[in-house]
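Residue numbers (full-length UniProt numbering): 1 to 297. C-beta atoms are modelled at their ideal positions from N, C-alpha and C, and glycine is treated no differently. Quick caveat: nothing in here was measured; it's all calculated off a predicted structure. Structure, as structure tokens:
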Amino acid sequence: MSINRISLYHLETLIWIDRLGTFAAAAKKLNTTQPAISARIAELEERLGAILFQKHGRSANLTPVGRELVREYLPVWEQLQTILLRSSGFEQIRGHVRIGAGEIAAASCLPRFMADMKERWPDLTFDIEIELTAQMIQALLTGKIDLAFAAGLVAHPALKATSIGAAELLWVASPSVAKRMATDDQCSIHSLWSLPSHSPIYQLMRDALTLFPIRHRTINLCNNVRMIIDIVTMGDGFALVPKSMVRPQLASGALVPVLIDQKVEPIVFHIVTRCGEGSPVINEILRLAGKIDLESA
């Protein structure tokens, strides 16, 4: 056994293969190639004199020896990372952080978040992808992204969702439609636009509709909030949207609030990470993300 020839990168590689399940995913996470990952594990196994992984197709499962090594080393690895970063006051954080976000969360949370993060850590690079919630969950589970911003609660046993605040929702319409709605008192003759049923806003909208004096209603669906805003601005119907996404239209008068008495609960935003996330960088980002002021976002 050549313990003195074992480097930190050998053990870091071991940790990430265990977390992500495949050599390929670990290679992407560590910004290297799959052959390099395989070589590191081969070196580690040779220097320990033990087999750490059993490969089954594309997946890699730890052997009993490998599981024991990960169990005992993981707290040490996380503590070492934290100590090194804390010694610099978390001021020297650098590298790549991969973020997934839904469209609404991206418009409501990410601008303020990115401004705060880049001001604090200018050497930290972010890769952002706008995705559906189901895609974000899969990306988190496979290690393709490090954290996600989502509107509404994301429920999964392997993920942790932390609330970072709420955003006000408004019923809006163009001035001409708003005038007709006020004089006709017949919302049923106006088009209603909404995100599809998988969106948390859709359910909030449906719950609110039960209080409307409407005999018949048509719900038009679109999976893009900005497209819905454009359609409503052009004079077709009304919609329930985050106030933060229509501030320019409200300020210019292109859109006006309607159904003011029909209040809807704010939509809650969450930042989502893997359960047991041990990266001190991600945990520090998570801590600061909780201070986002959505009203100024």
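Identify, in the order they occur along the chain, each residue of the same chain with its Cβ nearer than 7 Å to the Cβ of residue i, setting aside the five sequence neighbours on each side.
i: Phe23; result: Ile17, Gln34, Ile37, Ser38, Ala60
i: Ile219; result: Leu192, Ser194
i: Ala26; result: Thr13, Trp16, Ile17, Leu20, Ile37
i: Val264; result: Leu169, Leu204, Ala208, Leu240
i: Ala158; result: Leu141, Arg274, Cys275
i: Gln54; result: Asn61, Thr63
i: Leu11; result: Tyr73, Trp77
i: Leu84; result: none
i: Asn223; result: Leu195, Pro196
Would you please state the rounded distance, in angstroms, between the beta carbons of residue i and residue j? I believe it to be under 8 Å.
i: Leu132; j: Gly102; result: 7 Å
i: Ser108; j: Pro242; result: 6 Å
i: Ile145; j: Arg112; result: So it is not a contact: roughly 20 Å between Cβ atoms.
i: Pro257; j: Gln81; result: Pro257 to Gln81, Cβ: 48 Å. No contact.
i: Gly290; j: Ile201; result: In fact, because the Cβ distance is near 23 Å, the residues do not count as touching under 8 Å.
i: Gly143; j: Lys29; result: 5 Å
i: Phe212; j: Gln262; result: 7 Å
Apart from the five residues just before and just after residue i, which ones in its own chain have a Cβ nearer than 8 Å to its Cβ?
i: Ala166; result: Pro266, Ile267, Val268, Phe269, Leu294
i: Leu52; result: Leu14, Ile41, Leu44, Glu45, Leu62, Thr63, Val65, Gly66, Leu69
i: Met245; result: Ile104, Ala107, Ser108, Val225, Arg226, Ile229
i: Ala161; result: Ala150, Leu153, Val154, Ala155, His270, Ile271, Val272
i: His198; result: Leu132, Thr133, Ala134
i: Ile282; result: Val97, Asp146, Leu147, Thr273
i: Leu31; result: Sequence inspection shows Asn at residue 31; the Leu mentioned does not correspond to that position. Here the set comprises His96.
i: residue 300; result: The chain is shown from 1 up to 297; residue 300 falls before or after that span and cannot be answered.
i: Thr183; result: none
For residue i, I'd like the list of residues in its chain whose CB is within less than 6 Å of its CB, leaving aside the five on either flank, ordered along the chain.
i: Asp236; result: Ser191
i: Thr125; result: His96
i: Ala139; result: Gly100, Ile145
i: Leu288; result: none
i: Ala254; result: Thr233
i: Arg58; result: Thr22
For residue i, which residues does DSSP report across the bridge?
i: Gly95; result: Leu124
i: Phe238; result: Ala173, Leu192
i: Gly100; result: Glu129, Ala148
i: Leu221; result: Ser194
i: Ile267; result: Ala167
i: Arg274; result: Leu159
i: Pro257; result: Val172
Quick one: does residue i have its CB under 7 Å from some CB of chain D?
i: Ile51; result: The chain labelled as chain D is not found in the depicted structure, where only one protein chain is given.
Taking three-plus beta-carbon pairs below 8 Å as touching, is the stretch 161-179 in contact with the stretch 242-255? A contact between stretches requires three or more CB pairs, one per stretch, nearer than 8 Å, and the stretch 161-179 meets this requirement with the stretch 242-255.
The stretch 110-121 in contact with the stretch 55-72 per 3-pair CB rule at 8 Å: Judged by Cβ distances under 8 Å, the stretch 110-121 makes no contact with the stretch 55-72, as fewer than three pairs qualify.
Indicate whether the contact test is met: 3 or more Cβ pairs, each with one atom in the stretch 223-236 and one in the stretch 173-180, closer than 8 Å. With the cut-off at 8 Å, the stretch 223-236 and the stretch 173-180 touch.
Tell me, please, whether the stretch 143-158 touches the stretch 222-231 by the rule of three or more beta-carbon pairs shorter than 8 Å. No, the stretch 143-158 is not in contact with the stretch 222-231.
Give, in chain order, every unbroken run of the alpha helix (DSSP H) that is at least 4 residues long and sits entirely within the UniProt domain "HTH lysR-type" (6-63). Segments of the alpha helix (DSSP H) lying fully in the UniProt domain "HTH lysR-type" (6-63): 8-20, 23-29, 34-48.
Is there contact here, the stretch 127-143 with the stretch 5-13, by at least three beta-carbon pairs under 8 Å? No contact exists between the stretch 127-143 and the stretch 5-13.
Which runs of the alpha helix (DSSP H), 4 residues or longer, sit entirely within the stretch 114-170? Listed in chain order, they are 133-141.
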